[in-house]
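Written below as C-alpha cells is the structure these notes are about.
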Amino acid sequence: MDAKIVLLPGDGIGPEVVAEGQKALNAVARKFEHRFTFETCLIGGCAIDATGSALPDATTAACKSSQAVLLGAVGGPKWDDPRAKTRPEAGLLKIRKELQLFANVRPVKAYDVLVDASPLKREIVEGVDILFFRELTGGIYFGESGRRPHPSGEEAFNTMIYNTAEIERITRMAARAAQGRRKKLTQVDKANVLEVSRLWREVSQRIVRDEFPDVQYEVLLVDAMAMHLISKPRSFDVIVTENLFGDILTDEGAMLPGSMGMLPSASLGSSGPGLYEPIHGSAPDIAGKGIANPLATILAAAMLLRHSLALESEARAIEAAVDNVLNAGHRTVDIAAGAKSVSTSEMGSLVVAQLEM
Ligand code: NAD
Numbered sequence: 000m001d002a003k004i005v006l007l008p009g010d011g012i013g014p015e016v017v018a019e020g021q022k023a024l025n026a027v028a029r030k031f032e033h034r035f036t037f038e039t040c041l042i043g044g045c046a047i048d049a050t051g052s053a054l055p056d057a058t059t060a061a062c063k064s065s066q067a068v069l070l071g072a073v074g075g076p077k078w079d080d081p082r083a084k085t086r087p088e089a090g091l092l093k094i095r096k097e098l099q100l101f102a103n104v105r106p107v108k109a110y111d112v113l114v115d116a117s118p119l120k121r122e123i124v125e126g127v128d129i130l131f132f133r134e135l136t137g138g139i140y141f142g143e144s145g146r147r148p149h150p151s152g153e154e155a156f157n158t159m160i161y162n163t164a165e166i167e168r169i170t171r172m173a174a175r176a177a178q179g180r181r182k183k184l185t186q187v188d189k190a191n192v193l194e195v196s197r198l199w200r201e202v203s204q205r206i207v208r209d210e211f212p213d214v215q216y217e218v219l220l221v222d223a224m225a226m227h228l229i230s231k232p233r234s235f236d237v238i239v240t241e242n243l244f245g246d247i248l249t250d251e252g253a254m255l256p257g258s259m260g261m262l263p264s265a266s267l268g269s270s271g272p273g274l275y276e277p278i279h280g281s282a283p284d285i286a287g288k289g290i291a292n293p294l295a296t297i298l299a300a301a302m303l304l305r306h307s308l309a310l311e312s313e314a315r316a317i318e319a320a321v322d323n324v325l326n327a328g329h330r331t332v333d334i335a336a337g338a339k340s341v342s343t344s345e346m347g348s349l350v351v352a353q354l355e356m
C-alpha cells in the first residue's frame, strides 16, 4: 500500500514522541512491504511562532490531502498568556473541525505488568479493556449559549442539542467496533432528566436492534457509570456517549491504567483522514530531556493503521511489539517505579526491534 501520512509533532515532548511513532510506522512499512510517505507540518505554539497562526493553511491543506495524521501535542508555558491573540489549542480545535472529526475513540487498556501503577487495586484493574466512543462535534459545547440580565445580576445558559443523524453515525461506528471485540455496547446518558438523552436512547437502541443484532446493548445513567467505571471497569467493552459526558468519563477512564504515557486516541469522521494522538499533553516539565514515554504515540500509530489504512494485522503487530517490550521489563521513567529506565528513543528502538523479529 502507498499512503501519505502527515506528522504534526507540535510542542514540548510532541516532536520526541512523534519521531518514535514514525520509526514504528517505518518498521511496519519495511516488514509488510508498504510505502508510507511522511510530510511534517506545523501546529500549535511552534506554528504561532513561525506564522502567527496555530493552524497555518498549509497544514490544513496537507492534512486534507493525506490518508491519516499523527499528532504529538500542543501548548506550553511560552504560549499561556491569557491576553495572547491566539493560543496553541485553537490549532487542535480547528483541525478537528476542518477534518470533520465527530468521533473521539479512546482505548483504555490495563497492561498486566503495569497494573500496580494504577491508583486502583490490582483485582479491580486487571484485564480492563474498554473502547470509548465520545461524540466530538455536538452537544452542549456547540449549542446556543449566552448571558442575559437577571434581577440578581446576570444569568448564563448553554444548550445541549443533538439530532438523529449525529446519534446514528457514532452509534454505528461504536457498534461496528463492538462486533470486532466482545460484542457489548454500553450507551451512557441521563435519560431520567434530559430530553436530549431520551433521543439518544431511542436512536441508538433502534440502530443496534435493527443493524447489529449480534451486539448486546445496555444503557447506563452517567452518574451510575461514573461509579461503575471505578468499581467494575472489567464489565465494559465498548462505551458510546455524547460530548460532555464523554469528556469527563474518558478522563476518569484514563486514570485506570495508571500512566498517561500509555494511552492513545483517535478522532474519526465519516470519510477522509483520521487524526491520531497520545492523550497526554506536551509535558513541558520533561521536554527536551529524552525521557518521555513514546508508547502512547506508538499505539496511536497502530490505531492509524487500523482505522485509516485498514491494516489490522499491521496494527496488531505494533500492539504485540509493545506488549513484548513491556513484558521483557523495559520501562521509561514514568512507568519504572524507581527501577532502571530507558530513554524515549531507546524505547522506540526496542519496539522496532520486536517488530523486526
Ligand atoms: P501533560 O499531559 O502534558 O502532563 C501531565 C504530567 O504527565 C506531567 O508531569 C508530564 O511530565 C507527564 N507526562 C505526560 N505525558 C508523558 C509521557 N509521554 N511520558 C512521561 N510523562 C508524561 O498535561 P499538562 O501538564 O496539564 O499540560 C501541559 C501542556 O500540554 C499544556 O500547555 C496543556 O495545554 C497541553 N495539553 C495539550 C494536549 C494536546 O495537545 N492534546 C492535551 C493536554 C494538555
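Mapping to numbering that gives the first Met the number 0: the sequence shown position 285 is 284, numbers consecutive.
Think of the CB as a built atom: it goes at the ideal place given N, C-alpha and C, for glycine as much as any other residue.
Worksheet entry | Whole-angstrom distance between residue 187 and residue 220, CA atom to CA atom | Straight-line Cα distance between these residues: approximately 6 Å.
Discussion item. Please tell me whether, using a cut-off of 7 Å, the distance from the CB of residue 292 to the nearest non-hydrogen atom of the ligand NAD is below it.
Written reply: Within the chosen limit of 7 Å, the ligand NAD reaches the beta carbon of residue 292 through at least one heavy atom.
Worksheet item: Between the beta-carbon of residue 101 and the beta-carbon of residue 249, is there less than 8 Å?
Response: Going by C-beta atoms, residue 101 is not nearer than 8 Å to residue 249.
Discussion item. So, at 7 Å on beta carbons, what are the nonlocal neighbours of residue 77 in its own chain, with the 5 sequence-adjacent residues on each side left out?
Written reply: Hits under 7 Å: 44.
Worksheet item: Does the ligand NAD have a heavy atom nearer than 7 Å to the CB of residue 333?
Response: Relative to the ligand NAD, residue 333 has its C-beta within less than 7 Å of a heavy atom.
Item to complete: Starting from residue 29, trace the alpha helix (DSSP H) both ways and give me its first and last residue.
Response: Per DSSP, residue 29 belongs to the alpha helix (DSSP H) from 13-31.
Discussion item. Are the CB atoms of residue 10 and residue 72 within a distance shorter than 8 Å?
Written reply: Remark: C-beta atoms of residue 72 and residue 10 approach each other more closely than 8 Å.
Practice prompt. For the alpha helix (DSSP H) containing residue 331, list its first residue and its last residue.
Written response: Counting along the chain, no alpha helix (DSSP H) covers residue 331, and no H or E run does either.
Discussion item. With a threshold of 7 Å (Cβ to nearest heavy atom), would residue 284 be considered close to the ligand NAD?
Written reply: Residue 284: yes, Cβ under 7 Å from the ligand NAD.
Item to complete: Specify the secondary structure class of residue 37 as computed by DSSP and reduced to three states.
Response: Three-state result, residue 37: strand.
Worksheet entry | Among 17, 2, 184 and 189, nearest to residue 300 - alpha-carbon criterion | Comparing Cα-Cα distances from residue 300 to each of 17, 2, 184 and 189, the minimum goes to 17.
Discussion item. Can you give me the C-alpha to C-alpha distance between residue 63 and residue 112, rounded to a whole angstrom?
Written reply: Roughly 39 Å between the two C-alpha positions.
Fill in: Residues of its chain near residue 413, where Cβ-Cβ distance is below 7 Å and the 5 sequence neighbours each way are ignored
Because the chain is modelled from 0 through 356, residue 413 falls outside the range shown and cannot be assessed.
Worksheet entry | C-beta atoms of residue 253 and residue 259 nearer than 8 Å | It is a contact, given that the beta carbons lie within the stated cut-off.
Item to complete: State the Cα-Cα distance for the pair residue 348 and residue 104, rounded to the nearest angstrom.
Response: One alpha carbon belongs to residue 348, the other to residue 104, and they sit about 27 Å apart.
Worksheet item: Near residue 160, what residues of its chain come up, given a Cβ to Cβ distance below 6 Å and the 5 sequence neighbours on each side ignored?
Response: Result list for residue 160: 142, in chain order.
Discussion item. For a quick check, are the C-beta atoms of residue 169 and residue 239 less than 8 Å apart?
Written reply: Taking C-beta atoms as the reference points, residue 169 and residue 239 count as a pair closer than 8 Å.
Item to complete: Check each candidate in 5, 6 and 13 and name the one with the smallest Cα separation from residue 286.
Response: Cα-wise, what sits closest to residue 286 is 13.
Discussion item. Looking at residue 95: is its Cβ nearer than 8 Å to the Cβ of residue 41?
Written reply: Against a cut-off of 8 Å, the Cβ pair of residue 41 and residue 95 comes out as no contact.
Practice prompt. With a floor of 3 residues, list each beta strand (DSSP E) that falls wholly inside the segment 182-222, ordered by position along the chain.
Written response: List check, beta strand (DSSP E) in window: 183-188 and 215-220.
Worksheet item: Is any heavy atom of the ligand NAD found at a distance shorter than 7 Å from the C-beta of residue 106?
Response: Incorrect: residue 106 has no Cβ contact closer than 7 Å to the ligand NAD.
Item to complete: Take residue 305 and list the residues in its own chain whose beta-carbon comes closer than 7 Å to its own, dropping the five residues that flank it on each side.
Response: If you ignore the 5 residues before and after residue 305, its C-beta comes within less than 7 Å of the C-beta of 311 and 314, all in its own chain and listed in chain order.
Discussion item. Tell me whether residue 75, by its Cβ, gets closer than 7 Å to a heavy atom of the ligand NAD.
Written reply: Yes, the beta carbon of residue 75 sits closer than 7 Å to at least one heavy atom of the ligand NAD.
Discussion item. Just verifying my parser: in three-state terms, what is the DSSP assignment at residue 292?
Written reply: Secondary structure at residue 292: coil, using DSSP grouped into helix, strand and coil.
Practice prompt. On the DSSP bridge assignment, give the partners of residue 147 in chain order.
Written response: The bridge partners DSSP lists for residue 147 are 154.
Item to complete: Tell me where the alpha helix (DSSP H) around residue 350 begins and ends.
Response: Note, residue 350: alpha helix (DSSP H), 343-354.
Practice prompt. Find the nearest neighbour of residue 244 within the set 109, 32, 137 and 295, judged by alpha-carbon distance.
Written response: Answer by Cα proximity: 137.
Practice prompt. Using a threshold of 8 Å, state whether the C-beta atoms of residue 152 and residue 233 are closer than that.
Written response: Not a contact, by the Cβ cut-off of 8 Å.
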